[in-house]
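Inspection log for the structure reproduced underneath, given as structure tokens.
Residue numbers (the numbering used here): 190 to 412.
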């Protein structure tokens, strides 16, 4: 495993370490179940144990790290239960977002959504998983912000990190990416047509396909 700090003069060291470890977890460089040894990580990153310890606490708060009795910190495993719990909530928020966006989306936001679909297609068949995940997230963010509902956006943001991890797991499967791009198109078409039921159905199918794919991947990894 190769960990490299990307120093930022405007961020405290603990935040730089946090971002480095976070990206390593999301990209799979730090695997689910892998122990996070403070001394080992400090030596790899060339820092003291204090920012490592602080970063691990921050990762624990995000649900990316768990503390195991008598073992210490380890990368949180992606369980079928946690996936279903998160996607159950996300599915409800997505359908509500679709409904409100159909009512409230402005012309400027329509163009942003079209552009998000194009930009996603530009990267979806490449090898940069971070870029694919970011463009997928950007597409959904346009819909969330079009709702004009600050509480809904806050709730989505609270789920963002866990959703991002599942999103990364989903897009690893290259065979699903054509369907993913088509689902974005279907969502776009329905919202632009102000078809509330069509948009909700397209988003429901989008979430269900993600759940099925990730669960299948998890089962394959366990065998």
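Even for Gly, the Cβ is constructed at its ideal location relative to N, Cα and C. This one's a predicted model, so the numbers in the text were calculated from it and none came from an experiment.
- When you compare only the Cα positions, how much space is there between residue 398 and residue 369? 9 angstroms
- Query: Do residue 380 and residue 290 come within 8 angstroms of each other at the CB atom, strictly closer than that value?
  - Reply: yes
- What is the DSSP secondary structure of residue 374, reduced to helix, strand or coil? helix
- Query: Is it true that the CB of residue 403 sits closer than 8 angstroms to the CB of residue 272?
  - Reply: yes
- Please go through the same chain and pick out, in chain order, the residues whose beta-carbon is closer than 7 angstroms to the beta-carbon of residue 318, but skip the five residues on each side of it. 216, 357, 360, 361
- Message: For residue 179, tell me which candidate among 211, 396, 194, 237 has the shortest Cα-Cα distance.
- Response: No information on residue 179 is available, as it lies outside the stretch 190 to 412 that the chain covers here.
- Item | Close beta carbons around residue 303, own chain, < 7 angstroms, minus the five adjacent residues each side | 377
- Message: Taking the alpha-carbon of residue 391 as reference, which of 334, 373, 342 has the nearest alpha-carbon?
- Response: 373
- Message: Can you confirm whether the stretch 329-341 touches the stretch 281-288 when touching is taken to mean that 3 or more C-beta pairs between the two stretches lie within less than 8 angstroms?
- Response: yes
- Item | Three-state class that DSSP yields for residue 298 in the structure shown | helix
- Item | residue 290 - containing alpha helix (DSSP H), residue span | 269-293
- Option in 277, 220, 250 with minimal Cα separation from residue 350: 250
- Message: If you measure between the beta carbons of residue 236 and residue 200, is that distance less than 8 angstroms?
- Response: no
- Per DSSP, cross-strand counterpart(s) of residue 339: BP columns for residue 339 are empty, so no partner.
- Item | Contacting residues, own chain, Cβ-Cβ under 7 angstroms from residue 256 (five flanking each side not counted) | 249, 262
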